[in-house]
Amino acid sequence: MANDTLTVTDNRTGKSYELPIEDGAIRAPDLRQIKTSDDDFGLMSYDPAFLNTASCRSAITYIDGDKGILRYRGYPIEQLAEHGTYLETAYLLVHGELPTAAELEVWTHEITFHTLVHENVKSLMEGFRYDAHPMGMLVSVLGALSTFYPEASQVDNPDVRLAQVYRLIAKVPTIAAWSYRHSRGLPYVYPDNDLGFTADFLAMMFRIGARYEPDPAIVRALEVLFILHADHEQNCSANAMRSIGSSRVDPYSALAGAAAALYGPLHGGANEEVLKMLAEIGDVKEVPAYVERVKAGEFKLMGFGHRVYKNYDPRAKIIKQVADEVFQVTGRNPLLDVALELEKIALEDEYFVSRKLYPNVDFYSGIIYQALGLPVAMFPVMFAIPRTAGWLAQWLELVEDPEQKIARPRQLYTGAGERDYMPITRRETVADLVGAV
Ligand code: ACO
Numbered sequence: 004m005a006n007d008t009l010t011v012t013d014n015r016t017g018k019s020y021e022l023p024i025e026d027g028a029i030r031a032p033d034l035r036q037i038k039t040s041d042d043d044f045g046l047m048s049y050d051p052a053f054l055n056t057a058s059c060r061s062a063i064t065y066i067d068g069d070k071g072i073l074r075y076r077g078y079p080i081e082q083l084a085e086h087g088t089y090l091e092t093a094y095l096l097v098h099g100e101l102p103t104a105a106e107l108e109v110w111t112h113e114i115t116f117h118t119l120v121h122e123n124v125k126s127l128m129e130g131f132r133y134d135a136h137p138m139g140m141l142v143s144v145l146g147a148l149s150t151f152y153p154e155a156s157q158v159d160n161p162d163v164r165l166a167q168v169y170r171l172i173a174k175v176p177t178i179a180a181w182s183y184r185h186s187r188g189l190p191y192v193y194p195d196n197d198l199g200f201t202a203d204f205l206a207m208m209f210r211i212g213a214r215y216e217p218d219p220a221i222v223r224a225l226e227v228l229f230i231l232h233a234d235h236e237q238n239c240s241a242n243a244m245r246s247i248g249s250s251r252v253d254p255y256s257a258l259a260g261a262a263a264a265l266y267g268p269l270h271g272g273a274n275e276e277v278l279k280m281l282a283e284i285g286d287v288k289e290v291p292a293y294v295e296r297v298k299a300g301e302f303k304l305m306g307f308g309h310r311v312y313k314n315y316d317p318r319a320k321i322i323k324q325v326a327d328e329v330f331q332v333t334g335r336n337p338l339l340d341v342a343l344e345l346e347k348i349a350l351e352d353e354y355f356v357s358r359k360l361y362p363n364v365d366f367y368s369g370i371i372y373q374a375l376g377l378p379v380a381m382f383p384v385m386f387a388i389p390r391t392a393g394w395l396a397q398w399l400e401l402v403e404d405p406e407q408k409i410a411r412p413r414q415l416y417t418g419a420g421e422r423d424y425m426p427i428t429r430r431e432t433v434a435d436l437v438g439a440v
């Protein structure tokens with residue numbers, strides 16, 4: 004449309020510029036023509052933490068944060084969680100369409116037969132300290148995997164890329180389970196190709212002796228948790244995956260970086276923090292006092308708030324139902340009562356209402372993981388397993404996107420102007436400089 008433009012007047016010069024608007028956005032490089040003189044670099048946009056900057060075009064995940072909508076490739080998360088499986092969802096994210104029966108059979112076969120890792124990976128993992136954090140182990144081993152598959156550096160070859168997609172989706176649960184076994188001093192359990200993706204993961208985690216029969220209700224609950232965590236568009240770790248991948252490094256190295264980003268307490272580490280918080284509160288009657296301390300700015304309410312959702316996180320709604328199903332098998336986690344009370348009080352409180360702070364996906368997931376017998380240190384690892392499919396889908400989209408280049412943000416320089424090198428004997432300490440003022 005002819006009027007799909009933005010007219011900007013630079014009040015420093017009085018000049019006006021017409022910038023095209025495409026898909027609700029202007030292109031930041033179009034601002035560069037706005038200059039005060041010929042040698043001016045041109046106007047930049049300043050956007051720490053990408054609050055209002057689209058870094059890519061993406062056809063994978065759609066979120067409407069105000070309405071609480073999440074869709075993978077157009078399919079509502081509620082429908083995928085109710086009817087889908089994790090492997091089907093992973094296929095959808097990676098290939099863009101739900102698989103036919105024949106396609107799913109091939110996909111499942113390829114992933115199942117790549118679950119084993121090289122024996123040297125086992126030796127590598129055995130080298131960690133007895134109490135190593137499983138997420139630190141996962142991040143390290145993911146990086147190390149690039150040394151086992153050097154051909155993965157051929158990122159421009161679609162067949163090579165797909166082979167690494169199979170390997171990563173398949174091997175991350177094995178490494179995840181082994182990192183748990185290691186932290187418990189238990190022998191590592193090899194994958195069992197006769198089991199499905201989720202049941203196999205549970206077996207590698209919990210099998211002692213010859214047989215392990217996971218409860219079908221637990222398998223299904225975990226499957227739903229995996230579906231809910233599979234992707235979430237341009238979050239911190241997806242952005243890390245894309246940023247690292249933009250250097251055309253192999254996907255193992257990029258995925259190690261994405262997992263490292265997920266480890267942080269403001270991202271995938273939040274479910275661990277939620278559990279610590281609920282344990283610290285300890286009792287329902289302590290909730291009001293805790294909420295007051297949050298409002299006084301002493302700390303944040305973990306599992307609450309989201310950069311994008313300014314409405315109830317649709318995943319949190321589904322997880323609440325999953326929690327009920329899990330507790331029917333495992334017995335009720337006593338921390339659930341503390342969580343429910345916290346949610347009730349926070350949702351009625353002006354502080355949280357005015358800031359549009361609602362429970363996010365991590366508020367209830369930790370309580371479920373704990374009921375499954377997982378230590379809190381495993382929670383971010385449980386997030387990384389399904390998110391591997393999302394990271395890979397984001398990476399594939401990036402490497403195939405002709406508009407993308409190596410990620411390289413600009414900065415607003417705030418340091419010293421040019422000055423001359425000072426011999427060490429003539430340098431003043433900061434204390435001298437402060438004293439001299
Ligand atoms: N508890 C209390 N106050 C909060 C919380 C919270 N959890 N989250 C945000 N606020 C307040 C902020 O202090 C700020 O208040 P102010 O306007 O008075 O200064 C206001 O709400 C806006 O918050 P921002 O920090 O600007 O929100 P932002 O989008 O930067 O942060 C984030 C989002 C990081 C998720 C934040 O809400 C948070 O730290 N939550 C707790 C950690 C958490 O649960 N993370 C998991 C996110 S989901 C995921 O990664 C899967």
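If you're matching positions, the sequence shown starts at 4 in our numbering and goes up one per residue. Here a beta-carbon is modelled for each residue, glycine too, at the ideal position from N, C-alpha and C.
Report, in whole angstroms, the separation of the C-beta atoms of residue i and residue j, which I expect to be a contact under 8 Å.
i, j, result
"Y89", "F200", "6 Å"
"A224", "I371", "7 Å"
"L441", "F386", "Because residue 441 is not part of the residues shown, which for the chain are 4 to 440, the question remains open."
"Y78", "I63", "Y78 to I63, Cβ: 11 Å. No contact."
"S507", "L205", "Nothing about residue 507 can be reported from this structure: the residues present for the chain run from 4 to 440 only."
"L96", "G393", "6 Å"
"S240", "R390", "7 Å"
"L345", "V290", "5 Å"
"G306", "P362", "6 Å"
Once DSSP output is grouped into helix, strand and coil, what is the label at residue i?
i, result
"P190", "coil"
"Y89", "helix"
"Y20", "strand"
"V294", "helix"
"L375", "coil"
"Y361", "coil"
"V11", "strand"
"F307", "strand"
"N196", "coil"
"N238", "coil"
"N123", "helix"
"A233", "coil"
"T103", "coil"
"I178", "helix"
"E113", "helix"
"G130", "coil"
Would you list the residues sitting across from residue i in a DSSP beta bridge?
i, result
"I72", "D67"
"L148", "Answer by DSSP bridge pairing: none, since L148 is not bridged."
"E25", "A28"
"P79", "R74"
Please name the residue in the options whose C-alpha comes closest to that of residue i.
i, options, result
"N238", "S58, L415, F204 and P190", "S58"
"Q397", "H98, G68, D7 and S40", "H98"
"M140", "V11, D159, T111 and A180", "A180"
"L343", "G334, K359 and K323", "K323"
"G130", "P32, Y20, T16 and G188", "G188"
"P219", "I24, T333, A380 and V11", "T333"
"L43", "L34, D50, P51 and Y49", "The residue you asked about is not Leu; residue 43 is Asp in the sequence shown. When each option's Cα is compared against that of D43, the closest is L34."
"N242", "L54, E351, P217 and A299", "L54"
"E275", "W110, D352, A380 and G212", "A380"
"M47", "A31, T39, S61 and S240", "A31"
"E216", "D234, P317 and D197", "D197"
"D365", "V277, F302, E400 and Q331", "V277"
"Y49", "R429, T432 and L415", "L415"
"M244", "V297, V402, P161 and G420", "V402"
"L377", "V252, N336, T12 and L9", "N336"
"Y169", "V294, Y94, A257 and V124", "Y94"
"I72", "D352, Q373, Y315 and G418", "Y315"
"K125", "F151, S246 and V341", "F151"
I'd like to confirm something about residue i: is its beta-carbon nearer than 7 Å to some heavy atom of the ligand ACO, or not?
i, result
"D457", "This structure gives no information on residue 457, because the portion of the chain shown stretches from 4 to 440."
"N123", "no"
"F151", "no"
"R358", "yes"
"L269", "yes"
"G306", "yes"
"K38", "no"
"A264", "no"
"A342", "no"
"V379", "no"
"N6", "no"
"V437", "no"
"V297", "yes"
"R390", "no"
"A273", "yes"
"R310", "yes"
"K303", "yes"
"N238", "yes"
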